[in-house]
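Numbering of the sequence shown is given in the working numbering, commencing with residue 118 and proceeding in unit increments.
Ideal Cβ positions, reconstructed from N, Cα and C, are used throughout, including at glycine.
On a predicted model such as this, the values are computed, not experimentally measured, just so you know.
Heads up: the structure comes next, in structure tokens.
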Amino acid sequence: MECRDVREMADSFLGEELLTETNHEILRHLDTCPVCRADLAGRRALREGVQRAFHRAPELGASPEFIARLRNKLQDTAHQGSARRGVRFPGWWALAATVLLAVALGLAYRGRDRITATGALARVAVGDHRYCALQFRLAEKPISLEEAAQRYGAAYRVLERLPADDVMTAIGPAHVLERHACVYEGRRFAHIVFTYRGERVSLLVTAVDGSVTPALPGETLPHLTSPSRIDGMSVVSFRASRQMIFFAGDVVQNDLLMLAEAVGEPLYRGLAATESAGARRRSLGRVRSKISTRLISESEQLRQRSRVSCSIVAINEDSGSMRQPYPILHNQ
């Protein structure tokens with residue numbers, strides 16, 4: 118794959134719209150091309166900045182009333198155009214405009230929906246922090262990270278060693294009190310509890326649905342969200358591959374950001390490496406499955422051919438017996 122191809126597919130790559138094989142081709146190119154790597158990093162930063170700005174400015178979104186009026190007007194125009202004898206194109210153009218409008222609005226709201234979903238997930242993370250780290254009121258007893266790794270995936274095993282038990286931030290130390298996996302409101306988290314700035318602070322990691330957010334080669338820094346307050350707690354988050362990572366606690370927002378910055382880089386790299394290894398195993402498994410299926414198919418074809426050949430031989434032998442049903446008598 119060349120630089121021109123990567124530039125043409127850059128937005129689709131960042132939008133997680135490409136096939137897994139195409140993503141791997143782009144990543145292989147980025148391994149050896151710092152120019153394309155920098156270009157994609159800039160595009161990603163711009164996309165995330167626009168999404169954050171759009172989310173914080175609801176007045177920029179189209180109101181439901183405007184969408185309904187526009188849809189009705191386009192539909193009326195389409196019906197009027199198709200009703201005119203011999204004039205069909207206006208109706209088709211209106212229909213095409215309706216489709217384009219739906220696509221554009223869908224793309225616009227896709228980013229907003231994703232941010233909204235992350236906000237809802239952040240509230241669940243805050244609830245887990247409150248009812249597990251601060252006062253235990255969970256319906257299900259927590260389990261060890263090793264047990265969670267065996268049941269639910271290797272990402273939990275990363276949290277057994279990352280972050281370190283003692284972390285030094287720019288404003289002071291943080292110490293790990295406990296590591297486990299727990300469930301709150303049906304959502305399973307890898308949960309690490311710190312003591313930090315005189316308070317208990319939680320690091321919570323949970324799997325998210327949807328496609329994998331591709332990490333660029335050499336990209337080791339997570340894209341941290343701006344600190345916010347949710348249900349009385351400061352919250353910072355970032356995404357790493359198939360996981361969302363939340364930091365939650367009743368501390369100053371900038372203090373929590375300092376902890377996230379100190380912990381984020383090694384954790385981001387560890388989760389990304391685990392996902393890459395898993396993706397390679399899944400890809401190899403698909404290849405082996407295809408090869409196995411082909412071998413089974415070819416073996417079945419050979420067996421069928423063998424059965425047909427045996428039937429032909431049997432028919433020929435039977436035919437030979439029918440041609441000479443009795444022994445030949447020679448005149449003496």
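In this structure, V284 lies away from A162, with their beta-carbon atoms at least 8 Å apart.
Under the 8 Å Cβ criterion, the region 341 to 350 does not count as touching the region 262 to 272, having fewer than three qualifying pairs.
Beta-carbon to beta-carbon, V322 and Q360 are separated by about 5 Å, close enough to satisfy the 8 Å threshold.
Going by beta carbons, H308 and H297 fall inside the 8 Å limit.
Its chain contains S351, V352, V353, Q370, N371, L373 and L374 as the residues whose beta carbon lies nearer than 8 Å to that of P344, once the 5 sequence neighbours on both sides are disregarded; these appear in chain order. Under the three-state reduction of DSSP output, G387 falls in the helix class.
In the DSSP assignment, V352 is bridged to S345 and A365. Note on geometry: alpha-carbon atoms of V325 and Y269 lie some 13 Å from one another. In the DSSP assignment, D148 falls within the unbroken alpha helix (DSSP H) covering T137 to T149. Buried is the label assigned to P280, since at least 16 other Cβ atoms lie within 10 Å of its Cβ. The alpha-carbon of R278 is positioned some 37 Å away from that of M126. Non-local beta-carbon contacts of Y385 in its own chain, meaning distances under 6 Å to residues more than five positions away in sequence, involve P339 and A357 in chain order. Between the alpha carbons of Q192 and I184 lies a distance of about 12 Å. With respect to the 8 Å criterion, D128 and R160 are classified as neighbours on the basis of their beta carbons. Under the DSSP assignment, A265 falls in the alpha helix (DSSP H) whose first and last residues are L262 to Y269.
If you ignore the 5 residues before and after R274, its C-beta comes within less than 6 Å of the C-beta of A266, all in its own chain and listed in chain order. Around the beta carbon of T391, 16 or more other beta carbons lie within 10 angstroms, which makes this residue buried. Shortest Cα-Cα distance from E119 to any of L187, T139 and L131 involves T139. Under the DSSP assignment, M285 falls in the beta strand (DSSP E) whose first and last residues are D283 to T286. For V325, there is no enclosing alpha helix (DSSP H), as DSSP marks it with neither H nor E. About 13 Å separates the Cβ atoms of C299 and L251, ruling out a contact at the 8 Å cut-off. Boundaries of the alpha helix (DSSP H) around R124: C120 to L131.
With fewer than 16 other Cβ atoms from the protein chains shown falling within 10 Å of its own Cβ, L136 counts as exposed. C-alpha of T410 to C-alpha of T149: approximately 36 Å in a straight line. Judged by beta-carbon spacing, Y313 lies beyond the 8 Å limit of D245, meaning their Cβ atoms are not closer than that value.
Contact check for V318 and F364: beta-carbon distance about 7 Å, within the 8 Å limit, so the pair qualifies. If you draw a straight line from the Cα of D156 to the Cα of P383, it comes to about 24 Å.
Taking 8 Å as the cut-off, the Cβ atoms of H141 and V123 do not count as close.
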